[in-house]
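A.B. asks:
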Amino acid sequence: MGILKFKSHLFKLPSFLFGNNNLCTRKTFLKSNLISAHYCSGNSLQLKENEHLTPPRFLDVHLPNASQTLKLHPTWLRDHCRCPDCYNAITYQRNNDILKLNEHSTISAHSQSDGLLHVLWSDGHKSIYSIPWLISNTYEGRCQKQEEEASRLITWDGSMGNLPSLEPILHREALHDDNTLSEIYRRVIQYGFAKIEQVPSTEIDTKIIIERVCRMSCTVFGKFWETGTNFDHMDTGYLNGYLEAHTDNTYFTEAQGYLVFHCTHFNGTGGESFFVDGFHVAKQLKQLDPAAYDYLSKANITAEYIEPGEHFSSGGAILRHDPVSGQLEQLRFNMLDRAPLTSVPQSEVGTFYRHLRTMAKLVRQKENEYWFRLLPGTVMIIDNWRLLHGRNNYEGKRVLRGCYYSRSDFMSKARHYGIIS
């Protein structure tokens with residue numbers, strides 16, 4: 343193995359972590375003045391400027407089939423050692439001590455061959471890293487991966503004209519074939535929804551196919567809920583009037599990630615359903631009024647749900663973005679569940695309502711609404727962080743059964759099937 347030269351680089355911007363910064367387009371700027379903290383008598387925390395001004399030494403890792411090099415901080419490398427002393431491969435948890443990392447973070451020698459990086463540390467410890475693993479588990483690699491995954495999302499308007507023709511997913515195949523389950527996850531991630539056809543319209547069959555896909559969440563509405571037969575909860579969805587486009591659970595600290603519907607009985611008129619792709623609306627808003635998009639990405643709006651013995655309340659931005667990649671991650675849009683506006687100063691109220699109305703107009707554009715009828719036999723899974731759903735008023739009997747999936751549970755399965763990283 344050839345021994346690689348160890349180079350020093352001044353730590354100014356994250357772009358310095360790559361010889362060529364094409365792997366990540368998101369820019370993060372750091373303060374130029376280094377400030378370190380130390381404890382003195384009395385246990386008070388004091389800040390001292392200009393301590394530890396020795397420039398960090400980065401390790402150059404040459405990437406296969408690429409001209410750029412990956413520049414890795416030695417402390418990051420030592421913290422990510424996957425040897426049995428540093429990492430428990432059975433529990434997938436770390437064994438190393440965060441307070442001792444700097445003591446062990448001096449590299450004595452390193453070499454690279456056959457897709458592996460070998461590092462000898464000053465304390466005699468040896469580490470071996472897979473180069474592809476290093477790439478995918480750095481900040482830069484995560485940004486690149488999230489950008490790739492976001493580029494695969496297909497947004498749509500009411501015509502759904504840009505969606506490919508999809509073969510029906512049948513109940514019997516979803517029950518017994520894991521490849522079919524993987525396809526369900528792929529469609530929900532890529533398009534925001536998936537349908538399972540030919541499901542028997544019974545409560546037990548509905549539960550079985552729902553739990554085959556993912557674990558049901560237990561909320562104030564129960565684990566497996568039913569509307570159209572009673573008024574168990576103080577929610578407009580339990581009535582038969584028109585429901586405007588909305589996302590659910592804006593009053594929860596974390597809205598449930600996915601929503602499952604199965605109309606098991608319908609005898610009447612009306613009751614057509616519709617979807618609006620919130621990510622498509624967000625694109626329109628960003629193009630039409632960037633100031634409104636920026637404002638609704640920051641302004642806090644509180645929602646609440648009240649019934650006897652319960653009062654849920656939570657706030658957050660309508661447009662929520664991933665804190666690392668900056669990609670749009672969630673819409674919290676429900677005009678019915680808005681709590682009193684206590685999060686915006688009166689001096690900003692005019693700006694708040696102006697931007698909120700701009701987005702509401704886009705949500706209500708008929709061109710953005712995809713209308714259909716939920717019929718017995720079709721189970722619909724939708725992304726509650728992306729799609730808004732609504733319903734026409736109806737007369738007669740309409741029984742809708744379903745549940746929520748938590749975002750954490752659904753995404754765990756999506757990673758298991760290799761749909762996301």
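Mapping of the sequence shown onto this note's numbering: residues 343 to 763, in sequence order. Every residue, glycine too, gets a C-beta built ideally from N, C-alpha and C. Please read these numbers as outputs of a predicted model, since none were measured by experiment.
1. Only counting the same chain, and skipping five residues up and downstream in sequence, which positions put a Cβ closer than 7 angstroms to that of H446?
2. Which partner residues does D619 have in the DSSP bridge list?
3. Could you tell me the boundaries of the beta strand (DSSP E) in which D636 lies?
4. Find the nearest neighbour of P830 within the set G657, H758 and W498, judged by alpha-carbon distance.
5. Considering only residues of the same chain and omitting the five flanking positions on each side of K549, which have a CB-CB separation below 7 angstroms?
6. If you draw a straight line from the C-alpha of M753 to the C-alpha of Y759, how long is it?
7. Check whether the stretch 600 to 607 touches the stretch 718 to 725, taking contact to mean three or more Cβ pairs, one atom from each stretch, closer than 8 angstroms.
8. Using a 10 Å radius around the Cβ and a threshold of 16 neighbouring Cβ atoms, would you call K640 buried or exposed?
9. Nearest CA to the CA of N676: which residue from S685, E690, T684 and L698?
10. For the beta strand (DSSP E) containing G692, list its first residue and its last residue.
11. Spell out a yes or no on whether the stretch 617 to 629 and the stretch 678 to 691 are touching, meaning 3 or more CB-CB pairs, one atom from each, closer than 8 angstroms.
12. My assumption, with CB atoms under 8 angstroms, is that R743 sits in contact with E586. Please give the rounded CB distance.
13. Evaluate C560 with the Cβ neighbour count: other Cβ atoms within 10 Å of its Cβ, from every protein chain shown; 16 or more gives buried, anything less gives exposed.
14. Per DSSP, what are the beta-bridge partners of G612 in this structure?
15. How should V530 be labelled, buried or exposed, when 16 other C-beta atoms within 10 angstroms of its C-beta is the threshold for buried?
16. Based on Cα-Cα distance, which residue from H588, N710 and G457 lies nearest to S472?
17. Out of H513, L459, Q532 and F400, state which residue places its alpha-carbon closest to the alpha-carbon of H493.
18. Buried or exposed: which applies to M502, given that a residue is buried once 16 or more other Cβ atoms fall within 10 Å of its Cβ?
19. If we count the other Cβ atoms within 10 Å of its Cβ and call it buried at 16 or more, is S374 buried or exposed?
20. Taking the straight line between their C-alpha atoms, what separation do you get for R368 and I552?
21. With a cut-off of 8 angstroms, do at least 3 Cβ pairs link the stretch 688 to 704 to the stretch 627 to 638?
22. Taking G583 as the reference, which of L508, Q672, T611 and C605 has the closest Cα?
23. Under the assumption that H404 contacts Q454 (Cβ atoms under 8 angstroms), give the Cβ distance between them as a whole number of angstroms.
24. Which value, in whole angstroms, describes the spacing of the CA atoms of D619 and T578?
25. Based on the DSSP output, what are the partners of S472 in its beta bridges?
26. To the nearest whole angstrom, what separates the beta carbons of I546 and A516, a pair I think is in contact under 8 angstroms?
27. In this structure, does DSSP put L412 in helix, strand or coil?
28. Under three-state DSSP, which class holds S453?
29. Between Q669 and Q488, which are expected to be in contact by the criterion C-beta below 8 angstroms, what is the C-beta distance as a whole number of angstroms?
C.D. replies: This is what the structure holds:
1. R420, W463, D465 and H467
2. L729
3. Where D636 is concerned, there is no enclosing beta strand (DSSP E), although the alpha helix (DSSP H) it sits in stretches over P632 to L638.
4. The structure shown has nothing for residue 830, since the chain only spans 343 to 763.
5. F566
6. 10 angstroms
7. yes
8. exposed
9. L698
10. No beta strand (DSSP E) holds G692; the alpha helix (DSSP H) holding it covers V691 to V705.
11. no
12. About 22 angstroms; that fails the 8 angstroms criterion.
13. exposed
14. Y736
15. buried
16. G457
17. Reading off the sequence, residue 493 comes out as Ser, not His. Nearest of H513, L459, Q532 and F400 to S493, Cα basis: Q532.
18. exposed
19. Note that S374 scores a pLDDT of 31, beneath 50, so its modelled location is shaky; the value from the coordinates is reported in the next line. S374 comes out exposed.
20. Confidence in R368 is poor, its pLDDT being 40 and thus under 50, which makes the residue's placement unreliable; the coordinate value appears in the next sentence. If you take the alpha carbons of R368 and I552, they lie about 38 angstroms apart.
21. yes
22. T611
23. 6 angstroms
24. 22 angstroms
25. L458
26. Actually they do not touch by this definition, with Cβ atoms about 16 angstroms apart.
27. strand
28. strand
29. 6 angstroms
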